[in-house]
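See below for the structure under consideration.
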Amino acid sequence: MKGRFVVVTGPSASGKSSLVDALLACTPNASRLITITTRSPRPGERDGDHYHFVAREEFTARLSKDEFFEHAEVYGNLYGSSKNVLAQLLERFAYVFAVLDVQGAKTLKDKMPHTFIIFLHPGSIENITHRLMKERVGAPAEEIQKRIVTATKELALADSFDVVVENKEGDFVNTLTNVKALIGAQLTL
């Protein structure tokens, strides 16, 4: 294994996927580890871009074969990351980036303590609420509320990870600059 594994975690609507997309665009010799999930694709999502979408039966079969290095159930859907795919990516690339929910990132930190995990903090619960309302137009109010309650609990776990970076509303360029500097300091990017 020659590459370095960098995980971005945080609550819903904190900007995790946007940050990893931006890191991939500006980091030579880097790849993304794509999570496997049982949830349905959201509008605009395609299989293989940010997630591999599979049936629950396929996921549980793979789980019983011990194919995942981390897995979690989040909002009734299963998410997991393939051991074999990660090993292959780390052999081929200098950096492998992944987006994981907080539960999966905690599990990963316990199993792979040398993984560099960045907690992306949205600044406040109000920012999460605003972003969720914008991103999940038409979502039931109960779903939004459930995500806000979960986000509150997740924010309390922020210090469990290697670094916490605030992703202020409207200041993404500064967030990206800060994360690149942190990765460079930790991993010699």
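Basically our numbering = 1-based index in the sequence shown + 125. From the three backbone atoms N, C-alpha and C, an ideal C-beta is built for every residue, glycine too.
Between L233 and V132, the C-beta gap is smaller than 8 Å, which places the two residues in contact.
Nearest neighbour of D146 by Cα position, chosen from R256, G128 and D174, turns out to be D174. In the same chain as L307, and ignoring 5 residues on each side of it, the C-beta atoms closer than 6 Å to its own belong to V288, in chain order.
Annotation: the segment 158-191 contains the following complete segments of the alpha helix (DSSP H) (minimum length 4 residues), in chain order: 181-189.
S156 is the residue among S156, V304 and T275 whose C-alpha sits nearest the C-alpha of V210. Non-local beta-carbon contacts of S142 in its own chain, meaning distances under 8 Å to residues more than five positions away in sequence, involve H175 and V224 in chain order. Straight-line measurement puts the Cα of I273 at about 9 Å from the Cα of E251. Across the set R217, N299 and T275, the C-alpha of T275 shows the shortest separation from the C-alpha of L257.
DSSP places V274 in the helix class (H, G or I) of the three-state scheme.
In the structure shown, the three-state DSSP call for G128 is coil.
The shortest CA-to-CA distance from F222 to any of M237, P166, V290 and F241 is the one to F241.
For V145, the enclosing alpha helix (DSSP H) begins and ends at K141 to C151. Taking 8 Å as the cut-off, the Cβ atoms of N299 and Y220 do not count as close.
Counting only unbroken stretches of 4 or more residues, the alpha helix (DSSP H) elements lying wholly within the segment 209-271 are 227-236 and 250-260, in sequence order.
The straight-line gap separating the alpha-carbon atoms of F244 and A186 is approximately 31 Å.
Relative to F193, the option among P238, G229, T254 and T134 whose CA is nearest is G229. The beta carbon of D172 is closer than 6 Å to those of F178 in its chain, skipping five residues each way along the sequence.
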